[in-house]
Structure formats: structure tokens, C-alpha cells
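When we follow my numbering, the leftmost residue of the sequence shown carries the number -14, and every step to the right adds one.
Built from N, CA and C at the ideal position, the CB exists for glycine as well.
Bear in mind the structure is a predicted one, so any value in this text is a computation, not a measurement.
Below you'll find the structure, written out as C-alpha cells, and then a few comments.
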Amino acid sequence: MRNRKVLITPAELSDLVFRERQAERNRIARILHDDFLQQCQMIVLSLQSSSANLHAIAEKAADAMALGRDLILELRQPNVSASLQTRLDSLARAVCEPAGIQFRCSLSAALAAQRDGFADELFMCLAEAVRNAVRHANASTISITEEWIATRVILSVTDDGRGIPLHVLSQKHVGSHFGLHGMRERAADLGARFGIASDNGAGTTVSFCFGLPAWLARLHPARTARSKMQRYTQRKGSNL
């Protein structure tokens, strides 16, 4: 039996595009409400206080400006045709370098070269975590690493910053603390598992666990290495 092609009507395609755009608008609106507007409100309240600390107010204003710059970067048309590695390098130049933060990225060739929709999902989660680390961690280094487990890949963003207090991590509803709420929602929207490990004063690791497309799971580094070894062994055996 021949495989039937699934056709999508122009109306269905238009509706799909509309819903995707609306979901992205809602996400940006959440960031504006939960982070940006709250920071502006804190600045106003601080200015109204007779015992206002000008240094603290300046820091809050700088945080609000940094968040605004990040949102502007997101609203600009992304270069979705670039590889995952290229997009992460561009993110580091735009976000980490101005803050004086060293960026390290250790991705396998199989993931680094990806340019498809799956790579776009990976980038959105990683970018969210990197931006939050820049805003909240007071770190000197941010690293991205990967781990493959069967048909899943775990991507982790680790910083060497101030960490997150235990009472914040233990809250069921973390609100806008340290940007955790936005990262949880981003992971949930993309069907990824979200994890976080932190020790106050000793840095933070944020992890996203994705199910791999079948074609990409076959590129698992360990599996590829085993396959090469098997072919080598077979060739050696045939020469005996």
C-alpha cells in the first residue's frame, strides 16, 4: 500500500501560523508582565521611599534595560536557516560578551549542525536559560553541555554564579523569581522535561530533556562510534 500524503488546506495552514504567532506573543507578554513591569514597579516604589538606596535603584534600572534589550533581540527576525551552533554563538556575542561573561558550548557535530524545526526548539530553550543566567546569576562563565540517553538528549546550561536559594527552588509556584517560571513554561510548550539544580553561592544548572526524532537518534555519538568499530572489525575479519 502506498503511503498517503497528508494534505493541509490553506485555511488550516493560516490557522496554524496564527496560533503559533499568538503563542509567541503570549510568551513575550508573560515576560513583560512577570519581569519587566515588575522591575519598573520596584524602581518606582524605591524612588518613592525616603530611604531609597540610589545604587540599588541603579542596579534595578540596569536589569530592566537588559531585559528590554533581550526582548528586542527576540522580536527581530531570527536567522532560522543558520545552524544551531551558529545561532548560539550569535547569542553569546549579543548577550554574554557585553556582560563580560565567558561562554562555552560543547555540542556534538550531530546537534551543532542542525538547522530544522527541532534545532529551533533546542535553541529557544537554551537561549531562555542563557539570558536568565546573564540577568540573575552574576556569573563569570556560562556553559552548554549535552548528554545522550537512548532516544533522548539532555541539554544543560550551567553558570558559576551566586546560585538560587533553596526556599525559592522548593516553591511550587516560583512566580518570576530568577526567570524560572518562564523557563518552565518554555519547556512545557515544547514538550521537554525541565530540571534545575542549584546551591546558594555555588552556581546553577538548568536542564532540558528532549525526545529525539528517530533519524537524529541514529546519530547518537556512542552508537555511531560502535557502528564504525563494528565495520572495522568486520573488515579485519574478512581479511583473516
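- Between the stretch 120 to 138 and the stretch 169 to 176, the count of Cβ pairs shorter than 8 angstroms is below three; the stretches do not touch.
- In chain order, 128 and 190 place their CB closer than 6 angstroms to the CB of residue 143, counting only its own chain and leaving out the 5 sequence neighbours on each side.
- Burial is judged here by how many other beta carbons sit within 10 angstroms of a residue's own beta carbon; residue 141 has at least 16 and is buried.
- For residue 70, no beta strand (DSSP E) segment is defined; the enclosing uninterrupted segment is the alpha helix (DSSP H) at 69 to 76.
- One alpha carbon belongs to residue 107, the other to residue 184, and they sit about 25 angstroms apart.
- For the pair residue 145 and residue 126, the CB atoms are nearer than the 8 angstroms cut-off.
- Partner residues in the beta bridge of residue 180, as assigned by DSSP, are 192.
- Nearest to residue 42 by C-alpha distance, out of 49, 50 and 28, is 28.
- In the three-state reduction of the DSSP assignment, residue 165 falls in the helix class, which pools H, G and I.
- A straight-line Cα-Cα distance of about 35 angstroms links residue 88 and residue 30.
- When the Cα atoms are used, residue 48 and residue 116 turn out to be separated by approximately 12 angstroms.
- Collapsing the DSSP output to three states places residue 31 in a helix.
- The criterion of a C-beta distance shorter than 8 angstroms is not satisfied by residue 96 and residue 132.
- Here residue 26 carries a helix assignment [DSSP, helix/strand/coil].
- The C-beta separation of residue 139 from residue 90 comes to about 15 angstroms, leaving the pair out of contact by the 8 angstroms criterion.
- The continuous beta strand (DSSP E) containing residue 137 extends over residues 137 to 144.
- In this structure residue 137 does not touch residue 186 by the C-beta definition: roughly 31 angstroms separates them, more than the 8 angstroms allowed.
- Assigned with DSSP and collapsed to three states, residue 120 falls in helix.
- When rounded, the separation of the alpha-carbon atoms in residue 99 and residue 80 is 22 angstroms.
- The beta carbon of residue 198 sits closer than 7 angstroms to those of 103, all from its chain and outside the five residues before and after it, given in chain order.
- In the DSSP secondary-structure assignment, residue 110 is not bridged to any residue.
- Here DSSP, grouped into helix, strand and coil, assigns residue 13 to helix.
- The Cβ-Cβ distance between residue 70 and residue 39 does not fall below 8 angstroms.
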